[in-house]
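S.K.: Per our numbering, residue 3 is the first one in the sequence shown, and the count goes up by one each step. All C-beta atoms, glycine included, are put in the ideal place defined by N, C-alpha and C. The model shown is predicted, which means the values in this text are computed figures rather than measured ones. Below is one structure. I have some questions about it.
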Amino acid sequence: MAEPESRLVAVSNRVGPLSDEGQAGGLVVGLSDALKRRGGLWFGWSGETSDEGTHSQERTEVEGNVAMTTIDLTEEELNGFYYDYANRSLWPLLHYRLDLAEFDRASDRIYRKVNHRFAVRLMPHLKENDLVWVHDYHFFYMGSELRQAGYNGRLGYFLHIPFCAPEVFSALPASHDIVRALLAYDVIGFQTDTDRRNFVGFCVRELGGRKLEDGRVEVGDRTVIAKAFPIGIDAESYSRFAVSPEASSHEEMLLDMSRDRRNLKGEEAERKLIVGVDRMDYSKGLLERFYGFERLLEDYPENRGCAIFLQVAPLSRSELDAYADLRSELERTAGHINGRFATLDWTPLQMMTRGFTRKALAGIYRAARVCLVTPLRDGMNLVAKEFVAAQDPEDPGVLVLSRFAGAHAELECGCIVVNPYNTDDVAGALQTALTMPLEERKRRWELMREAVFTGTAQHWCQSFLATLEAVGEAGAGSPPS
Ligand code: ADQ
């Protein structure tokens, strides 16, 4: 008889929701499926602050065989751990923005303290034979803290954002401490092979480690598996969302706006919709994208009066200066472009910061002739995959994708690849996309569809957990020191 699967314990900054028809995001879908199948615990921050610190109350919600347990941060921890260290030091650094990264001793200390506190609070919940899977840049030290607290079971880690080149990462004062702490995990997962190579490169160059066979790396007495596990979406559900009544009403509204209209001269103009969907974050290359659209209107004037660029950009981390500055700059640039090109019956660029349900978003993707995904750096980028899953097979849109998005590795088979820093390149790609014949659009989309429906969120989760599960049996990682 097959061995029963081990219980899964997932740790991430935010927890849940476990079941939500509207959810098709990678982390939530992948983990919810696996948690429900294996039973387990999802542990993280409540999203609340309170003064109790070490003794803060634990809240647990139970759904079937899954418990979701959260604790609060103090106000000081929220600032030092979340805003300062995670989002003012680590996020810009790992996205190659050393110019925006700020390093200070106080937030480094609070970040380590929060990792310690979360490990201590998780410890009593752990059982022998559990699979513990920690997520993202908020919890680099969690694994080593759990080891120090006496946990000897299997520990996995997945980084959702890029792991930057070793020369860049070594600028972080705690770079050695962080990578040594990561070595407490048995399996370290990355979005792409480039990220994995950067991590292994750091281990070899900075810590005197050795690259072994089968994706393993050895540093001192530790051997760990470092491997790429590209995250995906629940492609089946997403393509169903895209034909739901809610999606269709959004699609229709946009198509209506895009239908042939007469301009003031009485000429007919088919309006073509370009969409972008991103959290308002400097890593997403929004400003460069706006310039690319402006160049399209400059260099290919036939698009004036026809092309409409809709940028959905929900606000994110607005408390941080870099994000508030970005918002002002985007609003100023959108105003400049509209002021320069708009006519009485045509507004070229529309930016909105409101959220949409996933179904509404799927309808927006389906109405678009082109999706513009041009991050300057991105771990994966699920928007690119959602756009592909949402398309109408009879009239699919075109994906213009940055070479610096993790998704590029899987989608270069069918997308138009751009360098987001190159304004001419973005404008040229947009023109190619807007004029692409139906047959070519279909051919390219089929190739991308195959990739998106193969590399799903469920596949991501299963392959990571299978690798972690195998560690115990085969002893691929050395016993923790
Ligand atoms: P993010 O940086 O948040 O994720 P992304 O992968 O594109 O980036 O995911 C964003 C999600 O938010 C998408 O599922 C999208 O549909 C949704 N969304 C965006 N705008 C919305 C709106 N207005 N209303 C509702 N939903 C909206 C991080 C990393 C990525 C990595 C993921 C998963 O930065 O590189 O792909 O984690 O690992």
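By a C-beta neighbour count over all protein chains shown, 10 Å radius and 16 as the cutoff for buried, is Ala88 buried or exposed?
M.R.: Ala88 should be labelled buried.
S.K.: With a floor of 4 residues, list each alpha helix (DSSP H) that falls wholly inside the stretch 247-334, ordered by position along the chain.
M.R.: Within the stretch 247-334, the complete alpha helix (DSSP H) runs of at least 4 residues are 247-260, 288-301.
S.K.: Identify the continuous beta strand (DSSP E) that holds Trp447 and give its terminal residues.
M.R.: Run containing Trp447: none in the beta strand (DSSP E); it sits in the alpha helix (DSSP H), 440-456.
S.K.: Under a three-way DSSP split, which group does Arg149 fall into?
M.R.: Looking at Arg149 - three-state DSSP - the assignment turns out to be helix.
S.K.: Can you check whether the CB of Ile339 is closer than 8 angstroms to the CB of Leu351?
M.R.: Yes, the pair counts as a contact, with Cβ atoms nearer than the cut-off.
S.K.: Could you spell out where the beta strand (DSSP E) holding Ile418 opens and where it closes?
M.R.: Taken as a continuous stretch (DSSP letters only), the beta strand (DSSP E) holding Ile418 covers 418-420.
S.K.: Leaving out the 5 sequence neighbours to the left and right, which residues in its chain are closer than 7 angstroms to Thr469 when beta-carbon positions are compared?
M.R.: Around Thr469: Val189, Ile227, Lys229.
S.K.: Could you tell me if Gly307 is buried or exposed, where buried requires 16 or more neighbouring beta carbons within 10 angstroms of its beta carbon?
M.R.: Buried, by the Cβ-count rule.
S.K.: Consult DSSP for Gly365 and reduce its assignment to one of helix, strand or coil.
M.R.: If DSSP states are grouped into helix, strand and coil, Gly365 belongs with the helices.
S.K.: Who are the Cβ neighbours of Arg451 in its own chain at under 7 angstroms, not counting the five residues just before and after it?
M.R.: Val390, listed in sequence order.
S.K.: Any heavy atom of the ligand ADQ inside 7 angstroms of the beta-carbon of Met382?
M.R.: Under cutoff, so the answer is yes.
S.K.: Less than 7 angstroms separating the Cβ of Arg242 from some heavy atom of the ligand ADQ?
M.R.: No, the beta carbon of Arg242 sits no closer than 7 angstroms to any heavy atom of the ligand ADQ.
S.K.: Measure the beta-carbon distance from Val420 to Ser404 and round it to whole angstroms, keeping in mind my assumption that it falls under 8 angstroms.
M.R.: Sure, about 6 angstroms apart at Cβ, within 8 angstroms.
S.K.: Could you pull the start and end residues of the beta strand (DSSP E) that Ser109 belongs to?
M.R.: Note, Ser109: premise wrong, no beta strand (DSSP E); alpha helix (DSSP H) at 107-124.
S.K.: Could you give the uninterrupted runs of the beta strand (DSSP E) lying entirely in the stretch 23-70, keeping only those of 3 residues or more?
M.R.: Runs of the beta strand (DSSP E) inside the stretch 23-70: 42-51, 60-65.
S.K.: Excluding sequence positions up to five away, which residues of its chain have a Cβ less than 6 angstroms from the Cβ of Gly341?
M.R.: Cβ within range, chain order: n/a, list empty.
S.K.: List the endpoints of the continuous alpha helix (DSSP H) containing Thr225.
M.R.: Note, Thr225: premise wrong, no alpha helix (DSSP H); beta strand (DSSP E) at 224-230.
S.K.: Can you determine whether any heavy atom of the ligand ADQ sits closer than 7 angstroms to the C-beta of His252, and answer yes or no?
M.R.: Every heavy atom of the ligand ADQ is 7 angstroms or more from the Cβ of His252, so no.
S.K.: Answer with buried or exposed for Gln59, where buried requires no fewer than 16 other C-beta atoms within 10 angstroms of its C-beta.
M.R.: Gln59 is exposed by the Cβ-count criterion.
S.K.: Ignore the nearest five residues each way along the sequence and tell me which others in Arg297's own chain have a CB closer than 6 angstroms to its CB.
M.R.: These residues qualify, in order along the chain: Thr425, Ala429.
S.K.: Closest by CA to Arg281, which one among Arg273, Ala326, Lys361?
M.R.: With distances taken between Cα atoms, Arg281 lies closest to Ala326.
S.K.: What residues match up with His140 in a beta bridge as DSSP calls it?
M.R.: DSSP output for His140 lists no bridge partner at all.
S.K.: Out of Gly294, Arg242, Tyr284, Arg368, state which residue places its alpha-carbon closest to the alpha-carbon of Met255.
M.R.: Among Gly294, Arg242, Tyr284, Arg368, the Cα nearest to that of Met255 is on Arg368.
S.K.: In the structure shown, what three-state DSSP assignment does Asn15 receive?
M.R.: Reduced to three states, the DSSP call for Asn15 is strand.
S.K.: Considering only heavy atoms of the ligand ADQ, does any lie closer than 7 angstroms to the CB of Val136?
M.R.: No, the Cβ of Val136 stays beyond 7 angstroms of every heavy atom of the ligand ADQ.
S.K.: Taking 7 angstroms as the cut-off, does the CB of Pro422 come closer than this to any heavy atom belonging to the ligand ADQ?
M.R.: No.
S.K.: Looking at the unbroken beta strand (DSSP E) that takes in Glu220, where does it start and where does it end?
M.R.: Segment 218-221, the beta strand (DSSP E) holding Glu220.
S.K.: Please state the DSSP three-state secondary structure of Val189.
M.R.: Looking at Val189 - three-state DSSP - the assignment turns out to be strand.
S.K.: Would you list, in sequence order, the uninterrupted alpha helix (DSSP H) runs of no fewer than 4 residues that lie entirely inside the stretch 341-423?
M.R.: DSSP runs (the alpha helix (DSSP H)) wholly in the stretch 341-423: 360-369, 384-392, 410-413.
S.K.: Would you please state the rounded distance, in angstroms, between the beta carbons of Ala459 and Asp236? I believe it to be under 8 angstroms.
M.R.: Their Cβ separation, rounded to whole angstroms, is 5 angstroms, which keeps Ala459 and Asp236 in contact under 8 angstroms.
S.K.: Between the Cα of Glu333 and the Cα atoms of Asp323, Arg261, Ala315, which residue gives the shortest distance?
M.R.: It is Ala315 whose Cα lies nearest to the Cα of Glu333.
S.K.: Would you kindly report the start and end of the unbroken beta strand (DSSP E) that includes Tyr159?
M.R.: Where Tyr159 is concerned, the enclosing beta strand (DSSP E) stretches over 156-160.
S.K.: Please work out which residues of its chain come closer than 6 angstroms, Cβ to Cβ, to Leu96, disregarding the five sequence neighbours upstream and downstream, and give them in chain order.
M.R.: The residues are Ile163, Pro164, Cys166.
S.K.: Is His118 near the ligand ADQ, going by C-beta to nearest heavy atom under 7 angstroms?
M.R.: It does not: the Cβ of His118 is nowhere closer than 7 angstroms to a heavy atom of the ligand ADQ.
S.K.: So who's on the other strand from Trp135, going by DSSP bridges?
M.R.: BP columns for Trp135 point to Ala12, Gly158.
S.K.: Out of Gly49, Ala36, Gly82, point me to the one whose CA is closest to Asn67's CA.
M.R.: Asn67 has its Cα closest to that of Ala36, out of Gly49, Ala36, Gly82.
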